Amino acid sequence: MPARSHYLNNAATTWPKPECVAKAMAAFLEGRGANLARGSASRRDLGTLDMVTTCRMKIAALFGGPDADPRNVTFTANVTEALNIVLKGFLKPGMRAATSSMEHNAVMRPLRRLEGEGVSLAVMPCTREGTLEPDTLARELKKGLDLVVLSHASNVCGTVQDLDRLAPLCAAAGVFLVLDTAQTGGVLPIDATGWNLAACCFTGHKGLLGPQGTGGILWRDDFASVCRPLIEGGTGSFSHEEVQPSVLPDKFEAGTPNLPGLAGLLASLDWLGETGIDTIRKREDELGRKLLFGLRDIPGITLYGIGTMENRLPVFALNFDGVDNGRAALELADRWGIETRPGLHCAPVAHRTLGSFPQGALRISPGFFNTEEEIELCLEAVSTLSRENPHS
Amino acid sequence: MECLATFDTTHMALLFEKACRGAGLSARIIPVPRELSASCGLACSYPCESEEAVIRICHEKRVETSGFHHI
Ligand SMILES: Cc1ncc(COP(=O)(O)O)c(C=O)c1O
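Have a look at this one:
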């Protein structure tokens, strides 16, 4: 086993996190620790309320700009839960929903369940590079839709959808648009207000650089008011009533939240604010460019998705001619300490679109904390594997 | 007499306290006294003589209360 490991699996979860994240979580558990809105208004209680409220404010500002209302932020365990709340809270039998052929199962599985219960579903085909053409969406909107749900960027090959062109089509048709920002939050500018998003769903543990177990939704008022909560229970408010409150943020937040997680997320949001997402994007773009241009020159591999750095994140999917991608991932880890992810990445429909189903692909996803040397090592390793392979 | 604002959510209670303090007014979050509606469980005291200013600040800062009480 190599002495050092090189983490190139940031599309699964980012690592390392800024140092302040673990510190804030430990400080919460060790020093503060009060529950949210379930105490006596002591300093300790108010400290937790202040922490969660500040976290809401930062999320609202990050995704919705200065005019977004922090009350409209619901915290969940991850974007999967967020998407389930939104899709199952809104779609009813007889309604019509559309999504793209590049989705993660966090979108596709709830939709398929709802389809089984009488919701009609259109899966809009994307190009072989994973792009949803505005014309395709426009055609589907003409047939009549209640909701469109899209992932902002593919977790398989990094293709970014052009929301500046897609979102106005939904807005003009008066159709609710839900966005899965799992791969783009903290990395690309997201304009939930300008794009008129009904719900902007996010996860805390990827580009936001926070801990696992955090995520949520930034709602548009009119959409939140027509969605039914997935779970009901204690909110620390309206405790004289036996029905769930209808006001935000309590409506969708029953039960004690992941407070150490939110402490960590708040710390990472502060870190992001200080560092600037432009700086992060620029750095990731540099590393991605170096990796992509190097990979393009290696014979015996197939790269999927967009072949340039335009409209994409530094998430790369490839296959070796004649070597199983699971085997390749194992070799990269065992011989060079390079951590990647093979297989289908919870996104079978995306692999179908890209032409890599059912074998999947090897996904390499650098992050802000990787170095040029690590990219060079990765290129050398991929090139060695490809050379050693008798089939290429 | 004590002046207390009540809220639907603890989120608003905190914003109320911050807004008052930001304007140099004393404010303190306390558990809602039983005689008032339980709503979110927290109330916030404010100086009775500044009630007009408090109402104006709430309006400006989009802080929503469920009531102002004199008890
Ligand atoms: C596009 C997309 N959607 C959803 C998810 C699911 O994220 P989580 O496991 O945080 O719910 C991921 C991450 O794997 C993703 O990349």
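For the protein sequence lines, the chains are G and B, in the order given.
Everything in the first sequence is counted per the numbering used here, starting at 30 for the first residue and increasing by one.
Everything in the second sequence is counted per the numbering used here, starting at 461 for the first residue and increasing by one.
All C-beta atoms in this analysis are idealised placements derived from N, C-alpha and C, irrespective of residue type, glycine included.
Bear in mind that the values here come from a model prediction, so they are computed numbers and not experimental data.
| query | result |
| --- | --- |
| Buried versus exposed call for T232 of chain G [16 or more other C-beta atoms within 10 Å across all chains shown] | buried |
| H35 of chain G burial status per 10 Å Cβ neighbour count (16 or more: buried) | buried |
| Residues bridged to M153 of chain G (per DSSP) | G:S129 |
| Coil, strand or helix - C49 of chain G by DSSP | helix |
| Separation of A41 of chain G from D307 of chain G, as counted between CA atoms | 21 Å |
| K235 of chain G burial status per 10 Å Cβ neighbour count (16 or more: buried) | buried |
| Start-end ranges of the beta strand (DSSP E) lying completely within the region 213-263 of chain G, minimum 3 residues | 228-232 and 244-248 |
| CB contact check: I490 of chain B to chain G, cutoff 7 Å | yes |
| F322 of chain G classed as buried or exposed, judged by whether at least 16 other C-beta atoms fall within 10 angstroms | exposed |
| N- and C-terminal bounds of the beta strand (DSSP E) containing S526 of chain B | Segment: none, S526 of chain B is in no beta strand (DSSP E) and carries neither H nor E. |
| Contact list for G265 of chain G against chain B, beta-carbon separation under 8 Å | T470, C500 and G501 |
| Distance CB(C229 of chain G)-CB(F119 of chain G) smaller than 7 Å | no |
| Positions along the region 230-258 of chain G whose CB lies within less than 8 Å of some CB in chain B | none |
| According to DSSP, residues forming a beta bridge with T348 of chain G | The identity of residue 348 of chain G in the sequence shown is Asn, whereas the question assumes Thr. Note: N348 of chain G sits in a beta bridge opposite G:T331. |
| R142 of chain G to Y333 of chain G span [Cα, whole Å] | 29 Å |
| Residue range of the unbroken alpha helix (DSSP H) whose run includes A89 of chain G | R72 to G93 |
| Pairwise C-alpha distance: E339 of chain G and A200 of chain G | 26 Å |
| Contact under 7 Å by Cβ, L474 of chain B with L78 of chain G | yes |
| Contact test: S510 of chain B Cβ vs ligand 1 heavy atom, cutoff 6 Å | no |
| Cutoff 7 Å: P95 of chain G Cβ touching any chain B Cβ | no |
| Residues, ordered as in the chain, of the region 293-305 of chain G that lie near chain B by beta-carbon distance below 7 Å | none |
| Three-pair Cβ contact test at 8 Å for the region 291-309 of chain G versus the region 146-163 of chain G | no |
| For review: beta carbons within less than 5 Å of any heavy atom in ligand 1 | G:N107, G:V108, G:T109, G:H133, G:A135, G:S180, G:N184, G:D209, G:A211, G:Q212 and G:T232 |
| Any chain B beta carbon closer than 7 Å to S421 of chain G | Interpretation of S421 of chain G is limited by its pLDDT of 45, a score under 50 that renders its predicted location unreliable; the figure taken from the coordinates is listed afterwards. Not closer than 7 Å to any Cβ of chain B, the Cβ of S421 of chain G fails to qualify, so no. |
| Whole-Å CB distance - A513 of chain B paired with L485 of chain B, under 8 Å assumed | 7 Å |
| Close-in-space but distant-in-sequence residues of the same chain around G94 of chain G (CB under 6 Å, 5 per side omitted) | T222 |
| Contact with chain B by R61 of chain G, beta-carbon distance below 7 Å | no |
| Stretch-stretch touch, CB-based, cutoff 8 Å, three pairs: the region 389-404 of chain G with the region 354-363 of chain G | yes |
| One or two residues paired with H35 of chain G in a DSSP bridge | G:I367 |
| CB contact flag (D209 of chain G, V102 of chain G, <7 Å) | no |
| Beta-carbon contacts of F267 of chain G that lie in its chain and below 7 Å, excluding the five residues immediately before and after | P274 |
| Per DSSP, cross-strand counterpart(s) of R392 of chain G | G:A346 and G:R370 |
| Interfacial residues, the region 262-290 of chain G to chain B, with Cβ spacing under 8 Å | G265, S266, F267, S268, H269, P274, V276, L277, P278 and D279 |
| Backbone CA spacing between W365 of chain G and S394 of chain G [nearest angstrom] | 16 Å |
| In DSSP terms, what F57 of chain G is bridged to | In the DSSP output, where bridge partners are listed per residue, F57 of chain G has none listed. |
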